[in-house]
Amino acid sequence: MRYTNLFGKTVREPLKDMTQVSHKLLYQAGFIRESTAGRYYLLPLGQRVFDKIVRIVEEEMDKSGAQKMSAPILHPIELWEETNRDKSGGYELMTVQDRRGARFALGGTAEEMFVDVVRRFQLTYKDMPFNVYQMGYKFRDELRARGGLMRVREFIMKDAYSFHTDDQDFKKEYENMRDTYSRIFTRVGLKFDIVPADNGYFGGEYCHEFDVESEVGESKYFVSEDGSYIAHEDVAEFKLEDVNPEEEIKDMEIVEQPEWVRTMEDNIKNYNLPAERFLKNVVYKNRVDGHIYIVTIRGDLQVNKNKLEKLLNLVGLLDDATDEDIISIGSKPGWVHSWGYGDHKVTFVADNSLKTVKNFVGGQKEEKTDSINVNYGRDFKHEIEGDVALAQSGFTSPDGKSKLIEKKGIEVGNIFQLGQHYSKKMRDAVFVDSDGKSKEFFMGCYGIGLGRTMATIVEVSHDDKGIIWPDAVAPYQVHLLGLNLEDSEIRNKAEQAYKYLTEKGVEVLYDDREGINPGSKFADSDLIGIPWRVVVSKRTGDGVEIKKRGEEKSEIIELAEFQV
RNA sequence: CGGAGCGUAGUUCAGUUGGCUAGAACGCUCGCUUUGGGAGCGAGAGGUCGCUAGUUCGAGUCUAGUCGCUCCGACCA
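The numbering used here numbers the first residue of the first sequence as 9 and each following residue consecutively.
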């Protein structure tokens with residue numbers, strides 16, 4: 009490709025609002041342009057990278073035994089109604105209507121569609137298992153799309169769905185996909201962690217994220233120092249140590265408390281005790297029926313809403329309570345008690361951390377009094393108990409042997425066990441088993457965000473001059489720069505080099521512009537980030553100068569000796 | 001969805017109490033010069049002032065609505 013024919017060119021500066029390196033560089037180098045927030049054009053250079061990623065994904069998926077197919081972009085809304093996902097999760101599905109009034113969802117994922125096509129066949133255990141996938145447009149009506157390719161409203165995802173007779177058979181495919189994903193991300197040049205995570209709105213029992221460690225990542229996860237434990241923040245567990253095991257249990261007392269003591273910081277100052285010695289109450293409300301939940305937890309810990317929702321079996325349904333909600337149960341913000349409210353329907357939840365402290369402070373705070381020497385189990389006890397605490401950096405790992413370290417990562421892919429979550433909700437999602445009985449499919453799904461993967465590669469592979477594409481996904485293998493092309497002798501050599509390389513099957517971007525300073529051409533070349541730079545100029549004589557992007561040394565060699 | 005802010009040239013911005021033909025810099029085009037790390041000089045093109053309605057003799061400027069964008073939060077593969 010001649011640069012003079014290429015649509016899309018480099019610009020010197022990023023736009024003002026761009027914050028992420030990948031966003032800036034892909035814009036400056038002419039790979040992407042924004043349409044509206046969260047929707048992007050892929051320009052020819054960007055498309056080439058994208059297509060290479062797609063090809064790698066397809067090769068590995070096909071090798072894994074999965075089969076590519078395609079589903080419509082518009083999903084009949086009835087399918088989403090079958091699984092209740094047209095309303096769940098507080099996430100509004102994008103919908104469109106045709107002129108006869110039929111409603112369709114612009115899917116953010118396609119479980120229902122794949123179940124729907126599969127149930128059209130009278131499948132038996134002999135037809136199983138199988139895994140089908142597509143490269144499909146996905147729409148997510150993000151309330152706030154953040155600049156850059158990392159979180160967008162419209163994107164292409166590789167989404168795969170596998171169908172099995174039972175859990176045991178599924179587990180083999182889950183491992184197969186885990187290995188396949190590992191090969192895919194390794195081939196595109198990414199290092200990643202496989203992180204057990206929360207499956208939230210997808211249903212199912214477990215899932216893993218493929219996270220590429222990065223400061224700009226939105227996924228937070230924990231790794232133990234000894235490397236034996238890894239988990240997403242949403243599900244991360246940790247070992248609670250007893251705070252004051254030596255202390256004697258004292259009688260509970262109501263004591264005077266200065267009125268200025270309201271927050272945890274005030275408490276710490278007033279009693280000169282660490283945060284872990286106080287009781288903390290956090291209030292949530294069921295979005296659907298308005299029921300109030302009060303979670304009592306050790307003062308130094310925070311409530312993990314995901315764990316709480318799971319414990320209560322209310323996934324995706326809890327909101328933080330508002331001040332009005334708290335007043336509605338006869339309490340007031342900042343003075344929520346750990347017991348009482350008998351006149352109002354309130355459900356109390358106790359975090360396991362309450363069992364690690366003797367003689368708590370707090371629990372029934374009034375304007376001027378509070379209780380001290382409160383002991384869980386003796387002075388109050390909640391019906392529901394469990395681990396609902398958020399892990400924090402430095403906490404002890406679950407096995408007690410090591411400390412947790414916090415990491416941030418970009419979630420480039422995920423694999424989900426769906427179990428019979430969808431096949432139970434959707435009618436006729438069954439096969440005939442060897443015993444002659446109809447049984448629901450056992451399913452898994454597996455996604456890779458392709459645009460996000462491309463941005464992530466830039467995020468982890470660049471320098472202050474531009475992108476450094478890994479060979480496997482670079483838009484071209486060679487960036488041929490012709491300097492001083494006004495000189496016909498050099499022009500001829502450059503043209504011959506272009507012809508030679510192209511005929512050898514090398515993918516070449518040829519900077520054939522005249523009247524451009526060498527400095528500009530070098531700067532553009534660094535910005536675009538093609539692996540090999542080949543220069544033809546009056547200095548290179550009968551040879552060419554070659555240089556690998558990201559390395560310092562260059563050398564002049566015969567073109568015929570050049571190997572990509 | 002809650003809070004805050006912004007829409008004027010490709011970009012970043014200026015534009016007075018409402019007042020003549022709406023400006024600058026960078027970028028872009030052309031010419032000359034220069035030619036191994038974004039060089040210099042000169043000339044030029046480029047605007048429905050987001051959109052709609054209103055107030056006014058007169059609106060980039062005031063009012064209302066609307067659309068879009070940014071930031072913080074909530075939400076979120």
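Where is the CB? At the ideal position from N, CA and C, for every residue including glycine.
Please read all numbers here as calculations on a predicted model, not as lab measurements.
In the DSSP assignment, Glu414 falls outside any alpha helix (DSSP H) and lies within the beta strand (DSSP E) extending over 412-427. Non-local beta-carbon contacts of Glu42 in its own chain, meaning distances under 7 Å to residues more than five positions away in sequence, involve Tyr48 in chain order.
Between the C-alpha atoms of Gly54 and Ile64 there is a straight-line separation of about 16 Å. When the Cα atoms are used, Gly109 and Met165 turn out to be separated by approximately 28 Å. Distance from the CA of Val466 to the CA of Gly455, rounded to the nearest whole angstrom, comes to 20 Å. By alpha-carbon distance to Leu51, the top candidate from Gly452, Glu515, Thr271, Gly16 is Gly16. Between Asp177 and Ile238, the C-beta gap is not smaller than 9 Å, which leaves the two residues out of contact. The Cβ atoms of Phe356 and Glu391 sit closer than 9 Å to each other.
The continuous stretches of beta strand (DSSP E) do not include Thr461, which lies in the alpha helix (DSSP H) extending over residues 458-468. Contact check for Thr377 against Glu273 fails: the beta carbons are separated by 9 Å or more. The three-state secondary structure of Ala239, taken from DSSP, is strand. The alpha-carbon of Asp234 is positioned some 8 Å away from that of Lys411. Rounded to the nearest angstrom, the Cβ distance from Ile423 to Arg186 is 6 Å, consistent with a contact under 8 Å. For the pair of segments examined, the stretch 214-227 was found not to touch the stretch 398-409: the number of CB pairs separated by less than 8 Å stays below three. Of the other Cβ atoms in all chains shown, 16 or more fall within 10 Å of the Cβ of Arg557; this residue is therefore buried. About 5 Å separates the CB atoms of Glu553 and Ile564; that is less than 8 Å, so the two are in contact. Your pair Phe450 and His172 checks out as a contact, with CB atoms roughly 4 Å apart and the cut at 8 Å. Here His352 has Ile300, Ser336, Ile337, Gly338 as same chain residues with Cβ atoms under 8 Å from its own Cβ, once five neighbours each way along the sequence are excluded. Secondary structure note for Ser336: its alpha helix (DSSP H) is the uninterrupted segment 331-336. Under the DSSP assignment, Met102 falls in the beta strand (DSSP E) whose first and last residues are 102-105. CA-CA distance, Gly348 to Val369, rounds to 17 Å. For the pair Arg191 and Glu68, the Cα-to-Cα distance works out to about 7 Å. DSSP, reduced to helix, strand and coil, places Thr194 within a helical segment of the structure shown. By the neighbour-count criterion, in which 16 or more other beta carbons inside 10 Å mark a residue as buried, Glu120 falls on the buried side. Note that the C-beta distance between Pro341 and Asp331 is below 9 Å. Note that the C-beta distance between Ile85 and Arg111 is below 9 Å. Closest in alpha carbon position to Asp219, among Leu198, Ser236, Ser78, is Leu198. Here Ile476 has Ser469, His470, Gly537, Arg557, Gly558 as same chain residues with Cβ atoms under 7 Å from its own Cβ, once five neighbours each way along the sequence are excluded. The continuous alpha helix (DSSP H) containing Pro52 extends over residues 52-71. Counting other Cβ atoms within 10 Å of its Cβ, Ala437 reaches 16 or more and is therefore classed as buried. Cβ neighbours of Tyr133 within its own chain (closer than 8 Å, five residues either side excluded): Thr173, Phe439, Val440, Asp441, Ser442. DSSP lists Asp167, Asn422 as the beta-bridge partner residues of Gly455. Residue range 272-279 is occupied by the alpha helix (DSSP H) that includes Lys277. In the three-state DSSP reduction, Glu86 falls in the helix class (H, G or I).
Positions of the beta strand (DSSP E) runs, each at least 3 residues long and wholly inside the stretch 499-531, are given as 516-519 in order along the chain. The stretch 540-549 makes contact with the stretch 487-496: 3 or more CB pairs, one atom from each, lie closer than 8 Å.
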